[in-house]
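Numbering (the working numbering), first residue to last: 84 to 380.
C-beta atoms are modelled at their ideal positions from N, C-alpha and C, and glycine is treated no differently.
Next comes the structure, spelled out in structure tokens:
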């Protein structure tokens, strides 16, 4: 299919049936197989690709027990430690193609809105390309981590003058060249649209599996009249894999990654891993299927 021919995301291969909205469905089409829910309310892609990889539940994990198509895997170089190679998946990897497609360059202004491990990956991708990064976030632990990963400025989105602060930092641009939203919440998505300069890029990385709160967008005033480019995705394109691997081999990137990875646990300590995630005082958490994980948590 054209997705594969252009070396885009295998998640969107046209031969893998989406369980949600497709090109041949109306958004309000009822999906009988899923209990009559409307197509527009079902997250597409992820469950389909997981089933394709041998997961009966459509969930994640148990990689060692799967049989994959060769096109879905990438060889890890011998000199790339698995600790960093693992970030080619959900963090640095899933944000790589978005930053690449936006053509982020040295000294561009980048806003990252809503910072968890996806936002951290976006920060690292932007700093790797020499951009100036403004983080829009509230969690003090995560903001400290963002600074360690090279974020140049922190703006609290609860401040009444948060947008004026971004305009002051970006000068005559009156907004960022590129804004990446990483939470999936309309609270940050709306601010992401406002933070972009005219003819800037707004890229949505974050998404919620069950999003009951729609994002209100005034297409004429917020998109059309400002020339804003709005897009999004959630994984790395095949054509970008080699560049991603080279990035993960970069010593400076590995230094930032050491701040991104805040916890590592053996499988027998899985309860502690989930507690760390719920604390909101964590970055990327590694849960090793084998015992004797390489770094003490």
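Just how far apart, CA to CA, sit residue 380 and residue 84?
Along the chain shown, one-based indexing puts residue 380 at 297. Along the chain shown, one-based indexing puts residue 84 at 1. For residue 380, the predicted structure reports a pLDDT of 42, less than 50, and the residue's modelled location is therefore unreliable. A value from the coordinates is still provided. Approximately 44 Å, taken between the alpha carbons.
Can the beta-carbon of residue 280 be found closer than 8 Å to that of residue 259?
As a working note, residue 280 is residue 197 in the chain shown. As a working note, residue 259 is residue 176 in the chain shown. Yes, Cβ-Cβ distance for residue 280 and residue 259 is below 8 Å.
Please specify which runs of the alpha helix (DSSP H), each continuous and at least 4 residues long, are wholly inside the region 171–256, giving them in chain order.
175–184, 200–211, 223–231, 245–253
Under the three-state reduction of DSSP, which class applies to residue 154: helix, strand or coil?
Here residue 154 corresponds to residue number 71 of the chain shown, with the count starting at 1. Correct three-state label for residue 154: helix.
At what residues does the alpha helix (DSSP H) containing residue 338 begin and finish?
Here residue 338 refers to the residue found at position 255 of the chain shown. Segment 334–343, the alpha helix (DSSP H) holding residue 338.
Taking three-plus beta-carbon pairs below 8 Å as touching, is the region 209–225 in contact with the region 181–196?
Because the criterion of three Cβ pairs below 8 Å is met, the region 209–225 and the region 181–196 touch.
In terms of alpha-carbon separation, which member of 184, 269, 165 lies closest to residue 261?
Counting from one through the chain shown, the residue named residue 261 turns up at place 178. Residue 261 has its Cα closest to that of 184, out of 184, 269, 165.
Using only the alpha-carbon positions, how far apart do residue 342 and residue 256 sit?
Here residue 342 refers to the residue found at position 259 of the chain shown. Here residue 256 refers to the residue found at position 173 of the chain shown. About 31 Å.
Can you have a look at residue 156 and say buried or exposed, based on whether 16 or more other CB atoms are within 10 angstroms of its CB?
Reading the chain shown from its first residue, position 73 is the one you call residue 156. With fewer than 16 Cβ atoms within 10 Å of its Cβ, residue 156 is classed as exposed.
Rounded to whole angstroms, what's the CA-CA distance from residue 221 to residue 303? Just pull it up for me.
Position 138 of the chain shown, counting from 1, holds the residue named residue 221. Position 220 of the chain shown, counting from 1, holds the residue named residue 303. Roughly 30 Å between the two C-alpha positions.
So, under 8 Å CB-CB, residue 91 and residue 320 are touching, yes? Tell me the CB distance rounded to an integer number of Å.
Residue mapping note: residue 91 aligns to position 8 of the chain shown, counting from 1. Residue mapping note: residue 320 aligns to position 237 of the chain shown, counting from 1. Indeed they touch by this definition, with Cβ atoms about 5 Å apart.
Quick check on this structure: which residue in 278, 148, 162, 296 has the alpha carbon closest to the alpha carbon of residue 331?
On the chain shown, position 248 is the one that residue 331 refers to. Of the listed residues, the one whose Cα sits closest to residue 331 is 162.
Let me confirm a value: residue 111 is counted as buried when at least 16 other C-beta atoms fall within 10 Å, else exposed. Which label applies?
Numbered from 1 along the chain shown, position 28 holds the residue referred to as residue 111. That one is exposed.
If we count Cβ pairs, one from each stretch, closer than 8 Å, do we get three or more for the region 164–176 versus the region 332–340?
yes
With DSSP as the reference, label residue 417 as helix, strand or coil.
Outside the modelled stretch of the chain, which goes from 84 to 380, sits residue 417, for which no answer is possible.
CA-CA distance, residue 235 and residue 88?
Numbered from its first residue, the chain shown carries residue 235 at position 152. Numbered from its first residue, the chain shown carries residue 88 at position 5. Looking at the two C-alpha atoms, the distance is approximately 39 Å.
Which residues bound the alpha helix (DSSP H) around residue 309?
Taking the chain shown and counting its residues from 1, the one referred to as residue 309 is at position 226. Counting along the chain, residue 309 falls outside any alpha helix (DSSP H), and DSSP gives it neither H nor E.
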